[in-house]
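Numbered according to my numbering, the sequence shown spans residues 124 to 289. Heads up, the beta-carbon is just placed ideally off N, CA and C, and yes, glycines get one too. The block underneath contains the structure these notes are about, expressed in structure tokens.
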Amino acid sequence: MKLENEQIKFCPICGTTIKNRSFGHPSCPNDHFVWYQDPKVAVGALVKKNEKLLLVKRKFPPHINKWSYPSGFVDAGEKVEDAARREVLEETNINVEIEKLLGVYSSKNNDTIYIAYSANALDNHIVTGSESLDASWFEVNKLPSLAFKHDQKILQRWKDLYWKNS
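Here is the structure:
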């Protein structure tokens, strides 16, 4: 890993300038600290109700104004299943029951690991949250174009497991 301008510059323990070390991670030359640039964990849910899927229109980058599954980052100390429920509730005001893990998705040079679940909606009435431009129910065979490359893989996995009309 090469030390870049946006990365850590000083040891948080002793204040010495961080150096690139032979083992590949920026670290304190006094052996107080090694900086590992770990990925963030995001979670999303394919929420179904009456043969329809719940999608949200993204308000923030990346892919502003594109449709995707309710999703977001897992908070420190939070179970991923709880994060999935929280994100759906924050973005749509819909309570859900997590059904099954659909998959874990990552790609080279991407700093996010994405965990996808299937979920059943416990409510019908959508109230679009402040993190989304819109939220709506869509028929599975009439979905809009989706924001992320992994969205199609997740949808196909869900169809293979659950959708009787595929």
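From the options, residue whose alpha carbon lies closest to that of residue i
i       : options                               : result
Lys-231 : Pro-267, Lys-180, Ile-221 and Asp-161 : Asp-161
Ser-255 : Asn-216, Thr-139 and Ala-206          : Asn-216
His-148 : Gln-130, Leu-245 and Lys-189          : Gln-130
Gly-252 : Glu-210, Asp-198, Ser-268 and Lys-172 : Glu-210
Asp-246 : Asn-173, Asp-198, Pro-267 and Ala-165 : Asn-173
Asn-218 : Ala-207, Leu-278 and Leu-284          : Ala-207
Ala-242 : Pro-152, Leu-278 and Phe-156          : Leu-278
Ala-244 : Ile-221, Leu-225 and Ser-229          : Ile-221
Lys-180 : Ser-268, Ser-229, Leu-224 and Asp-283 : Ser-268
Trp-158 : Asp-198, Leu-225 and Ile-141          : Ile-141
His-248 : Leu-169, Leu-212 and Ser-229          : Leu-212
Asp-154 : Pro-135, Lys-171 and Ala-165          : Pro-135
Segment limits, alpha helix (DSSP H) that includes residue i
i       : result
Ala-242 : First-last for Ala-242: 235 to 244, but that is the beta strand (DSSP E), not the alpha helix (DSSP H).
Val-211 : 203 to 215
Span of the beta strand (DSSP E), counted from its first residue to its last, around residue i
i       : result
Trp-260 : 255 to 262
Phe-133 : Looking at the DSSP string, Phe-133 is not in any beta strand (DSSP E), and its letter there is neither H nor E.
Val-170 : 163 to 172
Gly-252 : Premise fails: Gly-252 is in no beta strand (DSSP E) and is neither H nor E.
Gly-195 : 194 to 196
Proximity of residue i and residue j at Cβ, strictly below 8 Å
i       : j       : result
Phe-271 : His-186 : yes
Gly-138 : Ala-239 : no
Leu-178 : Val-263 : no
Ile-236 : Val-227 : yes
Glu-214 : Ala-258 : yes
Lys-132 : Asp-234 : no
Leu-225 : Leu-266 : no
DSSP-derived helix/strand/coil call for residue i
i       : result
Ala-270 : coil
Lys-282 : helix
Ile-277 : helix
Ser-229 : coil
Lys-182 : coil
Lys-142 : strand
Lys-223 : strand
Lys-265 : helix
Trp-190 : strand
Pro-149 : strand
*asked:* Three or more C-beta pairs under 8 Å: does that hold for the region 189 to 203 against the region 268 to 284?
replied: Touching, per the Cβ criterion.
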